[in-house]
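**Student:** Protein chains in written order, with the numbering used here: chain R, 107 to 327; chain W, 97 to 355. Quick one: the structure is below, questions incoming.
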Amino acid sequence: MSATQVSAEHSRQRVILRFDRVERTVHWVNALLFLVLILTGAALYFTPLIALVGRRMLIEQIHLYVGLSLPLPLLLGATAGWGRTLRRDVGRINRWSEEDMRWLRGLVDAASGRPQAAARPRLGKFNPGQKLNAAFVAGGGLVMLGTGALLRWYVPFPLSWRAGATFVHNWLAAAFVVLILGHIAFALADREALRAMLRGRVSRAWAAAHAPAWLDGSDDR
Amino acid sequence: MTERETIPSEAPASGVPDVPPTRLPGDEAAREPWSRPIGRRTVLSLLGLGALGTLFGSHVQAGISSVLDSLHAGSVASVLPGGGQFTIYTITDGYPAAPKDYRLRVDGLVRNPLSLTVAELQSLPATRLTRDFQCVTGWEVSNVHWAGVRLVDLAEQAGADLSAGAFHLTSFDGAYTESLTLEQARETGAIAAYSMLGAPVTREHGGPVRLYVPEMFGYKSIKWLSRIELVRHAEPGYWERNGYPVDAWISGQAPGQAA
């Protein structure tokens, strides 16, 4: 099917698929794992919650194994034939276009009260905020995995590393909570974007407004 | 409709006419200034920062602690990671309350078993220490004041048998146990503490009586201490059966063995 045929087909459809079933499953399994990690992490960390929950060994084990399994949904979801769309979206999230940079500069200009460029940047499937969020979750998640593993299997490592790993793990956990709250706030502010993660589809109008370069196929070079 | 994304083009890249045929692998960024792998760079930067934080974070943490100390911002410090405060653990379903008729028992291989109220414990010769509390997971509280009775003094008071080589320690929370050899107790000056942070040991911190073992990780300092039993050999306690070293020296070896 050529690009023109695709566009022609899509101009007839009122809704288009943004996230396929695999991507949605990976997203919601990740969300569940993060929720368990945050709750068990809090129950290991905050004294009032420790008093309420206790059972340190059990909570530790849950936190540990859920943490270790965190990369699995994404890895499984990105393999084989069913992972095609997810893999392509990972590529889209990785790559930034000039338009993305323009969007980011526009945010800085708006924040500092400078006049903004007249033309709106033609963004692809993901805006730079979403790209940064995904990259932060990927990189930060790996750091949490590494520091967490070091804290569990600490014996070969010097004490200063363990102290450093605790320091990084705790502060990064706080950053994750802030990031996830922001992520949820953005989702609730744009119900159609949220619906895309629930049922998969967005309207052509939404795509034209938020992701024009995705709609016309030019963000997939 | 099948669940497949249909835009953009599904044609393989080689079939798309506007892709330059001489594209070299790994050279895309240079040839296509519109596309930069910023996602990958972000991930790699975070990994680098994480590694740096692990290697040098303890210094940053110490800095934060001392700043908060000098500001007397204890309430802030108690919430912030690395605030130099206790994270108070428990392995049961909460912080257990001491029974009304609480007694600290000293028994096992002794001629004269003891059963002491807190007041009776306090009437014995006291040992006062100002030492750091170091958790095995990395956090530390500096300069904690401790007061209590040395384990070896309690063993002497109870008339420990010559065959006794270790202490087996039990918590009234019903789960926590610990052990310490007689030699380690002598060397570290471990105490059955009834005072901590300048006040009676609180329920959360393991009151009315807990152990404090200087120079060893915090898990050795068993909380809610109710029984000190003299035994022949040390046997692994609760955390040690779950993978922690029985010899919990912070420095990695007994002070006497240091080169």
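From the three backbone atoms N, C-alpha and C, an ideal C-beta is built for every residue, glycine too. Source: prediction; values computed, not measured.
(1) A244 (chain R) touches chain A at which residues, Cβ-Cβ below 7 Å?
(2) Going by beta carbon distance, what residues of the same chain come within less than 6 Å of L120 (chain W), once the five residues before and after it are set aside?
(3) Consider the Cβ of N200 (chain R): report whether some Cβ of chain W lies at a distance smaller than 8 Å.
(4) What is the residue span of the alpha helix (DSSP H) that E204 (chain R) lies within?
(5) Where does S309 (chain R) sit, in a helix, a strand or coil, going by DSSP?
(6) Near G339 (chain W), which residues of its chain fall below 8 Å by C-beta distance, leaving aside the five closest residues on each side in sequence?
(7) Does any residue of chain R bring its CB to less than 8 Å from the CB of Q157 (chain W)?
(8) Where does T284 (chain W) sit, in a helix, a strand or coil, going by DSSP?
(9) Going by CA-CA distance only, name the one from W:L247, W:I287, W:W242 and W:E325 that's closest to H264 (chain W).
(10) Would L247 (chain W) and A281 (chain W) qualify as a contact pair, given that the criterion is a beta-carbon distance under 8 Å?
(11) State the DSSP-derived secondary structure class of W335 (chain W), mapped to helix, strand or coil.
(12) On the criterion of 16 or more Cβ atoms from any shown chain inside 10 Å, does G160 (chain R) qualify as buried, or is it exposed?
(13) Just the chain R side, please: which residues come within less than 7 Å of Y185 (chain W) by C-beta, in chain order?
(14) Excluding five sequence neighbours on each side, which residues of the same chain lie with their C-beta closer than 8 Å to the C-beta of H289 (chain R)?
(15) Between the beta-carbon of R268 (chain R) and the beta-carbon of T233 (chain W), is there less than 8 Å?
(16) Inspect the CB distances between the segment 254-263 of chain R and the segment 219-235 of chain R and report whether three or more fall short of 8 Å.
(17) Quick one, which residues of the segment 257-269 of chain R are near chain W if we go by CB-CB under 8 Å, in chain order?
(18) Tell me whether E351 (chain R) is buried or exposed, calling it buried when 16 or more other Cβ atoms sit within 10 Å of its Cβ.
(19) Return the residues of the segment 295-319 of chain R that lie within a Cβ-Cβ distance of less than 8 Å from chain W, sorted by chain order.
(20) Step through the CB atoms of chain R and report whether any lies within less than 8 Å of the CB of F152 (chain W).
(21) Runs of 4 residues minimum, wholly inside the segment 147-203 of chain R: which ones carry the alpha helix (DSSP H) assignment?
(22) Quick check on A279 (chain R): buried or exposed, where buried means 16 or more other Cβ atoms within 10 Å of its Cβ?
(23) Specify the secondary structure class of F263 (chain R) as computed by DSSP and reduced to three states.
(24) Rounded to a whole number of angstroms, what is the C-alpha to C-alpha distance between L145 (chain W) and D197 (chain W)?
(25) Across the segment 198-211 of chain W and the segment 171-188 of chain R, are there enough close Cβ pairs to call them in contact, namely three or more that are closer than 8 Å?
(26) Going by C-alpha distance, which of W:L200, W:S131 and W:W345 is nearest R208 (chain R)?
(27) Going by C-alpha to C-alpha distance, which of R:E129, R:R220, R:A314 and R:L145 sits closest to R193 (chain R)?
(28) Report the three-state DSSP secondary structure of G230 (chain R) (helix, strand or coil).
(29) I'd like the list of long-range same chain contacts for V249 (chain R), defined as Cβ closer than 7 Å, with 5 residues on each side in sequence excluded.
(30) Going by DSSP, what residues sit across from F229 (chain W) in a beta bridge?
(31) Using a Cβ cut-off of 7 Å, which residues of the segment 282-294 of chain R contact any Cβ in chain W, in chain order?
(32) For G244 (chain W) versus A194 (chain W), is the C-beta spacing smaller than 8 Å?
(33) If you run the structure through DSSP and keep just helix, strand and coil, what is H264 (chain W)?
(34) If you draw a straight line from the C-alpha of T118 (chain W) to the C-alpha of L180 (chain R), how long is it?
(35) At 7 Å on the CB atoms, spell out the chain W contacts of G252 (chain R), in chain order.
(36) So if DSSP puts P296 (chain W) in a beta bridge, which residue, or which two residues, is it bridged to?
**Tutor:** By the coordinates alone:
(1) The chain inventory of the structure shown lacks chain A, comprising the protein chains R and W.
(2) Confidence at L120 (chain W) is low in this model, with a pLDDT of 47, below 50, so its placement is unreliable and the value that follows should be read with caution. Within the same chain, L120 (chain W) has no close Cβ partners at all.
(3) With its beta carbon less than 8 Å from one in chain W, N200 (chain R) belongs to the interface.
(4) Its alpha helix (DSSP H) spans residues E204 to A217.
(5) Reduced to three states, the DSSP call for S309 (chain R) is strand.
(6) Within the same chain, G339 (chain W) has no close Cβ partners at all.
(7) Cβ-Cβ to chain R under 8 Å: yes for Q157 (chain W).
(8) Reduced to three states, the DSSP call for T284 (chain W) is helix.
(9) Among W:L247, W:I287, W:W242 and W:E325, the Cα nearest to that of H264 (chain W) is on W:E325.
(10) Closer than 8 Å, so yes.
(11) Note: W335 (chain W) maps to helix in three-state DSSP.
(12) The residue in question, G160 (chain R), is buried, as its Cβ has 16 or more Cβ neighbours within 10 Å.
(13) Neighbours of Y185 (chain W) on chain R, chain order: I156 and R162.
(14) Within the same chain, and ignoring the five residues on either side of H289 (chain R) in sequence, the residues whose Cβ sits closer than 8 Å to its Cβ are N239.
(15) Taking 8 Å as the Cβ cut-off, R268 (chain R) and T233 (chain W) qualify as a contacting pair.
(16) These segments do not touch.
(17) So the close ones are L257, Y260, V261, L265, S266, W267, R268 and A269.
(18) With chain R represented from 107 up to 327, any question about residue 351 (chain R) goes unanswered, as that position is not in the structure.
(19) Using a CB distance below 8 Å, the part of the segment 295-319 of chain R facing chain W consists of G306, ordered along the chain.
(20) So yes, F152 (chain W) belongs to the interface.
(21) Within the segment 147-203 of chain R, the complete alpha helix (DSSP H) runs of at least 4 residues are 153-159, 162-175, 177-183 and 190-200.
(22) Label assigned to A279 (chain R): buried.
(23) In this structure, F263 (chain R) counts as coil in the three-state DSSP scheme.
(24) When rounded, the separation of the alpha-carbon atoms in L145 (chain W) and D197 (chain W) is 53 Å.
(25) A contact is defined here as three or more CB-CB pairs under 8 Å, and the segment 198-211 of chain W fails this definition with respect to the segment 171-188 of chain R.
(26) Minimum Cα distance to R208 (chain R) is reached at W:S131.
(27) Nearest of R:E129, R:R220, R:A314 and R:L145 to R193 (chain R), Cα basis: R:E129.
(28) G230 (chain R): coil per DSSP, three-state reduction.
(29) Cβ neighbours of V249 (chain R) beyond the five flanking positions: V274 and L278.
(30) F229 (chain W) is bridged to W:V237.
(31) Correct list: empty, as no residue qualifies.
(32) Using a Cβ distance threshold of 8 Å, G244 (chain W) and A194 (chain W) do not count as a contacting pair.
(33) Three-state result, H264 (chain W): strand.
(34) With a pLDDT of only 48 at T118 (chain W), under 50, the local geometry of the prediction cannot be trusted, and the value read off the model is given with reservation. T118 (chain W) and L180 (chain R) have their C-alpha atoms some 33 Å from each other.
(35) Result: G146.
(36) Bridge partners of P296 (chain W): W:S291.
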